[in-house]
Amino acid sequence: MKESILENNIFMRALRCEPVERTPVWLMRQAGRYQPEYRAIRQKLSFLELCHNSQVAAEVTVMAVEMLKVDAGIIFADILLPLQCLNAGLRFAQGDGPVIDNPVRSSADVDNLTAFDVQDGLGYVLEAIKLFVKEKPLVPLIGFAGAPFTLASYLIEGGSSRHFERTKAFMYLEPLAFEKLMAILTDVTIEYLLAQAAAGANCLMLFDSWVGTLGREDYTTAILPHSRRIFAALQNVVPTIHFGTATGGMLDLVASAGSDVIGVDWRMNLASAWDLIGPKAVQGNLDPTVLLGDRKLIYDRTRMVLEQAGGRSGHIFNLGHGIGKDTPVDNVKYLVESVRELSTRKALSYEP
Ligand code: 1CP
Numbered sequence: 045m046k047e048s049i050l051e052n053n054i055f056m057r058a059l060r061c062e063p064v065e066r067t068p069v070w071l072m073r074q075a076g077r078y079q080p081e082y083r084a085i086r087q088k089l090s091f092l093e094l095c096h097n098s099q100v101a102a103e104v105t106v107m108a109v110e111m112l113k114v115d116a117g118i119i120f121a122d123i124l125l126p127l128q129c130l131n132a133g134l135r136f137a138q139g140d141g142p143v144i145d146n147p148v149r150s151s152a153d154v155d156n157l158t159a160f161d162v163q164d165g166l167g168y169v170l171e172a173i174k175l176f177v178k179e180k181p182l183v184p185l186i187g188f189a190g191a192p193f194t195l196a197s198y199l200i201e202g203g204s205s206r207h208f209e210r211t212k213a214f215m216y217l218e219p220l221a222f223e224k225l226m227a228i229l230t231d232v233t234i235e236y237l238l239a240q241a242a243a244g245a246n247c248l249m250l251f252d253s254w255v256g257t258l259g260r261e262d263y264t265t266a267i268l269p270h271s272r273r274i275f276a277a278l279q280n281v282v283p284t285i286h287f288g289t290a291t292g293g294m295l296d297l298v299a300s301a302g303s304d305v306i307g308v309d310w311r312m313n314l315a316s317a318w319d320l321i322g323p324k325a326v327q328g329n330l331d332p333t334v335l336l337g338d339r340k341l342i343y344d345r346t347r348m349v350l351e352q353a354g355g356r357s358g359h360i361f362n363l364g365h366g367i368g369k370d371t372p373v374d375n376v377k378y379l380v381e382s383v384r385e386l387s388t389r390k391a392l393s394y395e396p
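To convert a position in the sequence shown, counted from 1, into my numbering, add 44.
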């Protein structure tokens, strides 16, 4: 592991499953449209312009950390940015859904994806990481990338999807081309994540957000070997988190891919999820829509998640998925305060 001044930080210790005085907390999409300050920046810059502007991307990352007083930052970027470099024609249409203008529908389309150098194509993300580290040397920073299946789904579907039918059909009907696509995306992801660690990211997170759409057989044969290759390449670099939604039926397989931490969504009780995952750190898993409820609900559900974690070492509090755009800022702040209050080890052992 890389030596760092953050070695004793509670987030870094929890990643390594070491005991901590309270549960560290950060939130997926902690920087985003629920913040008025973010919306103000987006009045001036399109989403892609914002991502490409290292200075502003770093500022947005810092802003979320300072506003929420969370224990880690996540660099402001997007999992889809590498697809721009592959010449897939990424854009964000009105209403902000991603669109891929050159979708992958055949084996020839896979061959037409262009090779690129990460330093050239994604140097602006690496620069944003360096700026954050300079400004907040005592706050751990998470770098991230999309996992090959989740990226492939955007390339094949041409954007977001509900049932991933085109993606699955391509996987079944063009197995060699699908495998080649997964291998290309795996190579890009490894190079990109290693570059983020070299730029100063203290932890790396792989988002396989939509892999839960697959059954165990397909996950095992078509996905797992690639995820294993990614985590093998990151071993002894910095700690890693592997996240997906709706993965309750395959958490044992996801855990076998080799990350240090497994991210789980809210569809499963955290204690049962942890049983399936085994001896590893776990991140999660409050339903993000709880933040649309009142303070009592937020407090009670936060306590439930912490009780399910049971004070075990290696719990990082997070939502089960990203903060929604209509979430009241005060509720998000209140959640972070509640985690801090309820998880201090003294409070957990307090008997009224
Ligand atoms: O208008 C806007 O400002 C766009 C909203 C937005 C934001 C704030 C998008 C578009 N991306 C992001 C930032 C982002 N995306 C971050 C950094 C911010 C932070 O977390 O604080 C991260 C880590 C992501 C990762 C990401 N992008 C994922 C994986 C996590 C997840 O939500 O499952 C995925 C799937 C995307 C794709 C994406 N980016 C944006 C949109 C609208 C989408 C499509 C989502 C979908 O298909 O449903």
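Note that the Cβ used here is the ideal one computed from N, Cα and C, for glycine as well.
Query raised in the report: By Cβ distance below 6 Å, which residues in the same chain neighbour residue 296 in space, the five residues on each side in sequence not counted?
Result: 320
Query raised in the report: Would the beta-carbon of residue 105 fall within 8 Å of that of residue 176?
Result: yes
Report task. Decide if residue 63 is buried, meaning its Cβ has at least 16 other Cβ atoms within 10 Å, or exposed. Result -> exposed
Requested in this report: Take the Cβ of residue 53 as the centre, count every other Cβ of all protein chains shown within 10 Å, and call the residue buried at 16 or more, exposed below.
Outcome: buried
Query - residue 281 versus residue 241: straight-line alpha-carbon distance, rounded - result: 7 Å
**Report entry** First and last residue of the uninterrupted beta strand (DSSP E) at residue 136
**Finding:** 134-136
Query raised in the report: Start and end of the alpha helix (DSSP H) containing residue 237?
Result: Its alpha helix (DSSP H) spans residues 219-243.
Query raised in the report: Any chance the CB of residue 365 is under 7 Å from a heavy atom of the ligand 1CP?
Result: Answer for residue 365: yes, Cβ within range of the ligand 1CP.
Query raised in the report: For the region 217-232 against the region 291-307, are there 3 or more C-beta pairs whose distance is under 8 Å?
Result: no
Query raised in the report: Should residue 77 be listed as close to the ligand 1CP, given that the test is whether its C-beta is under 7 Å from any heavy atom?
Result: Because some heavy atom of the ligand 1CP lies under 7 Å away, the Cβ of residue 77 counts as near it: yes.
Query raised in the report: How many Å lie between residue 286 and residue 124 at the Cα?
Result: 17 Å
Requested in this report: Can you tell me which of the three DSSP states residue 85 falls into?
Outcome: helix
Report task. Report the three-state DSSP secondary structure of residue 52 (helix, strand or coil). Result -> coil
Report task. Verify the contact flag: residue 333, CB atom, against every heavy atom of the ligand SAM, threshold strictly below 7 Å. Result -> Ligands present in the displayed structure are limited to the ligand 1CP, and the ligand SAM is not among them.
Query raised in the report: Which two residues bound the contiguous alpha helix (DSSP H) that contains residue 348?
Result: 339-353
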